[in-house]
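Peer 1:
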Amino acid sequence: MKKILVANRGEIALRVMKTAKKMGIRTVAVFSEADRNAPHVSFADQAICLGPAPSNQSYLLGDKIIAEAQRLGVDGIHPGYGFLSENADFAEAVENAGLTFIGPKSHAIRVMGSKLAAKEAVKSYDIPMVPGIEEAITDVAKAKAIANEIGFPILIKASAGGGGKGMRVVEKESDLEQQMNRAISEATSAFGDGSVFIEKYVTSPRHIEIQVMADTHGNYLHFFERECSIQRRHQKVVEEAPSAVLTPALRTEMGEAAKRVAKACDYVGAGTVEFLLDGDHNFYFLEMNTRLQVEHPVTELIAGVDLVELQIKVARGEALPFKQEDLKITGHAMELRVYAEDPLNDFLPSVGLLSKYNIPVGEGIRVDNGFQEGMEIPIYYDPMLAKLITYGATREEAIALMEKAIAAYEVEGVQTTLPFGTFVMQHHAFTSGDFDTHFVKKYYNPEQLKEGQEKEAHLAALLVLKLYLDDKKTLRLPIA
Ligand code: MV4
Numbered sequence: 004m005k006k007i008l009v010a011n012r013g014e015i016a017l018r019v020m021k022t023a024k025k026m027g028i029r030t031v032a033v034f035s036e037a038d039r040n041a042p043h044v045s046f047a048d049q050a051i052c053l054g055p056a057p058s059n060q061s062y063l064l065g066d067k068i069i070a071e072a073q074r075l076g077v078d079g080i081h082p083g084y085g086f087l088s089e090n091a092d093f094a095e096a097v098e099n100a101g102l103t104f105i106g107p108k109s110h111a112i113r114v115m116g117s118k119l120a121a122k123e124a125v126k127s128y129d130i131p132m133v134p135g136i137e138e139a140i141t142d143v144a145k146a147k148a149i150a151n152e153i154g155f156p157i158l159i160k161a162s163a164g165g166g167g168k169g170m171r172v173v174e175k176e177s178d179l180e181q182q183m184n185r186a187i188s189e190a191t192s193a194f195g196d197g198s199v200f201i202e203k204y205v206t207s208p209r210h211i212e213i214q215v216m217a218d219t220h221g222n223y224l225h226f227f228e229r230e231c232s233i234q235r236r237h238q239k240v241v242e243e244a245p246s247a248v249l250t251p252a253l254r255t256e257m258g259e260a261a262k263r264v265a266k267a268c269d270y271v272g273a274g275t276v277e278f279l280l281d282g283d284h285n286f287y288f289l290e291m292n293t294r295l296q297v298e299h300p301v302t303e304l305i306a307g308v309d310l311v312e313l314q315i316k317v318a319r320g321e322a323l324p325f326k327q328e329d330l331k332i333t334g335h336a337m338e339l340r341v342y343a344e345d346p347l348n349d350f351l352p353s354v355g356l357l358s359k360y361n362i363p364v365g366e367g368i369r370v371d372n373g374f375q376e377g378m379e380i381p382i383y384y385d386p387m388l389a390k391l392i393t394y395g396a397t398r399e400e401a402i403a404l405m406e407k408a409i410a411a412y413e414v415e416g417v418q419t420t421l422p423f424g425t426f427v428m429q430h431h432a433f434t435s436g437d438f439d440t441h442f443v444k445k446y447y448n449p450e451q452l453k454e455g456q457e458k459e460a461h462l463a464a465l466l467v468l469k470l471y472l473d474d475k476k477t478l479r480l481p482i483a
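At position 14 of the sequence shown the residue is numbered 17 (the working numbering), and the sequence of numbers has no breaks.
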């Protein structure tokens, strides 16, 4: 593989191209008219404008991307995350065009894109699943019978779902019919597929996901877990590896289960198997994400691997260069997603001009960044500016370093989730490790953040006053 096209933008396009460059592979960037001056464009050896800013006129134009790749003599296409990364038809079209899709086969993408198909596929692989049904349901009377058997609360989920869309918690039988109809209509309008199913609702789970990797020689590896319980409205904000609560035995058990999920769909490349972990440390398979994930860097730091390099090697047909026994966890990594969103104003997007932008640097600090000072943040895409990642010997060290790195991160012109990161790092529930997916809902309100910021401002004012008073004590001769 001599030349790779990265069908993405922002920090992930840069991150993929950096590894390609390191491997001596030439890079092609694609961009929209809004991204003409973006760093991923200048970093690449070649760059192609796909069209106007909206994604459906640029980054989602699979056929155009493939045609450009062929014209430029590209060997492989890396889709990054989002956009075309989990589009089975695109993966297939790339392969049919005689190019390599740096990711799994379209079969695996298709199976895991449907929650019901995924359940069906892993059925005979001894994977723990939440009590529930394995088929779509439309009959309310049948749904009531099943719900009573499982026991309330139950959760109605859309088979094609994602991001919590089409998901409805039902506390009691009398609410079921209405919630089911809502879930079906939401799923129909969002995904064009109204199939829903029922699961027991796990009330206070933690979100634990396992990084897996498979090659074309039948080797499967897991690279331990990431914990992503700190999220708001299904948007992850803080991720870490390892989880504060997994024992080595549970880690191995979940890792082996994740590898079996990958086997169940003939997986190739990097993937992530999501689990819920309940208060009694029971784990349940949720779904598999068939792409490189946003939060992959925390795994890279604790496992000492470059996941993009491994993706490319696997795509070239090479065998994975390790055995499971070779892999071990060293240290602890923490990631904060730096979004251009206002944590004081319901996390509304805060787009505009980055009038000042300086990222922190130093030992144990990694910033996967897609922006630079003077750039306008486009309204058309995900407003993530960067990922701030810290790495230390222990969880405490990674947290302390994160607080320092947040303080050193200079952003002016837009509001960001940086202060929210400080809130999380200083919260007892987080530092003690005793938290679940309801952390934000349970503990966060903007007033608390404001209070913290005011306290900080007050302390700063006191310090200035003290310095001034100390200074006044120093005798000074009047200027003649
Ligand atoms: C659940 C659940 C509780 N019980 N399933 C949310 C997104 C979708 N991929 C799966 N999700 C959940 N499924 C059962 N049976 C709770 C969630 C959930 C959640 C999961 C992971 C991280 C954050 C979450 C926030 C709300 C709900």
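Beta carbons are placed, not taken as given, at the ideal position from N, Cα and C, and that holds for glycine.
What three-state label does DSSP hand residue 39 in the structure shown?
Peer 2: Mapped onto the sequence shown, residue 39 falls at position 36. Coil, per DSSP.
Peer 1: What distance in whole Å lies between the Cβ atoms of residue 338 and residue 300, which are believed to be in contact at a cut-off of 8 Å?
Peer 2: Indexing the sequence shown from 1 puts residue 300 at position 297. Indexing the sequence shown from 1 puts residue 338 at position 335. With a Cβ gap of about 6 Å, residue 300 and residue 338 count as contacting.
Peer 1: Taking all protein chains shown into account, decide if residue 469 is buried (16 or more other Cβ within 10 angstroms of its Cβ) or exposed.
Peer 2: In the sequence shown, counting from the first residue as 1, residue 469 sits at position 466. Under this definition residue 469 is an exposed residue.
Peer 1: Could you pull the start and end residues of the beta strand (DSSP E) that residue 199 belongs to?
Peer 2: Residue 199 sits at position 196 when you count from the first residue of the sequence shown. Note, residue 199: beta strand (DSSP E), 199-203.
Peer 1: To the nearest angstrom, report how far apart residue 213 and residue 226 are at their CA atoms.
Peer 2: Looking up residue 213 in the sequence shown gives position 210. Looking up residue 226 in the sequence shown gives position 223. In this structure, the CA atom of residue 213 is about 7 Å from the CA atom of residue 226.
Peer 1: Just the C-alpha distance for residue 319 and residue 358, rounded to the nearest angstrom, thanks.
Peer 2: Taking the first residue of the sequence shown as position 1, residue 319 is located at position 316. Taking the first residue of the sequence shown as position 1, residue 358 is located at position 355. Distance between the alpha carbons of residue 319 and residue 358 is about 42 Å.
Peer 1: Would the stretch 313-327 count as touching the stretch 266-283 if we require 3 or more Cβ pairs under 8 Å?
Peer 2: yes
Peer 1: Spatial neighbours of residue 139 within its chain, please: CB distance less than 7 Å, with the 5 preceding and 5 following residues excluded, ordered by chain position.
Peer 2: Residue mapping note: residue 139 aligns to position 136 of the sequence shown, counting from 1. Excluding sequence neighbours, residue 139 sits near 119, 162, 198, 199 and 200.
Peer 1: Indicate whether residue 72 and residue 102 have their beta-carbon atoms separated by less than 7 Å.
Peer 2: On the sequence shown, position 69 is the one that residue 72 refers to. On the sequence shown, position 99 is the one that residue 102 refers to. Yes, the pair counts as a contact, with Cβ atoms nearer than the cut-off.
Peer 1: With a threshold of 8 Å, are at least 3 pairs of Cβ atoms found where one atom belongs to the stretch 356-370 and the other to the stretch 378-389?
Peer 2: yes
Peer 1: Any heavy atom of ligand 1 closer than 6 Å to the beta-carbon of residue 255?
Peer 2: To locate residue 255, count along the sequence shown from 1; it is residue 252. Checking every heavy atom of ligand 1 against the Cβ of residue 255, none is found closer than 6 Å.
Peer 1: How about residue 56 and residue 35: are their beta carbons less than 7 Å apart?
Peer 2: The residue given as residue 56 occupies position 53 in the sequence shown. The residue given as residue 35 occupies position 32 in the sequence shown. It is a contact, given that the beta carbons lie within the stated cut-off.
Peer 1: What is the rounded straight-line gap between the Cα of residue 257 and the Cα of residue 451?
Peer 2: If you number the sequence shown from 1, residue 257 lands on position 254. If you number the sequence shown from 1, residue 451 lands on position 448. Cα-Cα distance, rounded: 36 Å.
Peer 1: Can the beta-carbon of residue 428 be found less than 7 Å from the beta-carbon of residue 392?
Peer 2: Position 425 of the sequence shown, counted from the start, is the residue given in the question as residue 428. Position 389 of the sequence shown, counted from the start, is the residue given in the question as residue 392. It is not a contact, given that the beta carbons lie outside the stated cut-off.
Peer 1: With a threshold of 6 Å on Cβ separation, who are the neighbours of residue 128 within its own chain once the five nearest residues in sequence on each side are excluded?
Peer 2: Stepping through the sequence shown from its first residue, residue 128 is reached at position 125. Here the set comprises 263 and 267.
Peer 1: Taking the continuous alpha helix (DSSP H) assigned at residue 151, which residues delimit it?
Peer 2: Taking the first residue of the sequence shown as 1, we reach residue 151 at position 148. 143-153 is the extent of the alpha helix (DSSP H) around residue 151.
Peer 1: Where residue 130 and residue 397 are concerned, what is the direct C-alpha to C-alpha distance, given to the nearest angstrom?
Peer 2: In the sequence shown, the residue the question calls residue 130 occupies position 127. In the sequence shown, the residue the question calls residue 397 occupies position 394. Distance between the alpha carbons of residue 130 and residue 397 is about 31 Å.
Peer 1: Can you tell me whether residue 250 is buried or exposed, with buried defined as 16 or more other CB within 10 angstroms of its CB?
Peer 2: For the purposes of this step, residue 250 is taken as residue 247 along the sequence shown, with counting starting at 1. The residue in question, residue 250, is exposed, as its Cβ has fewer than 16 Cβ neighbours within 10 Å.
Peer 1: For ligand 1, is there a heavy atom less than 6 Å away from the beta-carbon of residue 447?
Peer 2: Within the sequence shown, the letter at position 444 stands for residue 447. For residue 447, the shortest C-beta to heavy atom distance toward ligand 1 is 6 Å or greater.
Peer 1: Look up residue 114 in the DSSP assignment and say whether it is helix, strand or coil.
Peer 2: Counting from 1 along the sequence shown, the entry for residue 114 is found at position 111. Correct three-state label for residue 114: helix.
Peer 1: Flag this pair as yes or no: are the beta carbons of residue 323 and residue 222 separated by less than 7 Å?
Peer 2: To locate residue 323, count along the sequence shown from 1; it is residue 320. To locate residue 222, count along the sequence shown from 1; it is residue 219. Going by C-beta atoms, residue 323 is nearer than 7 Å to residue 222.
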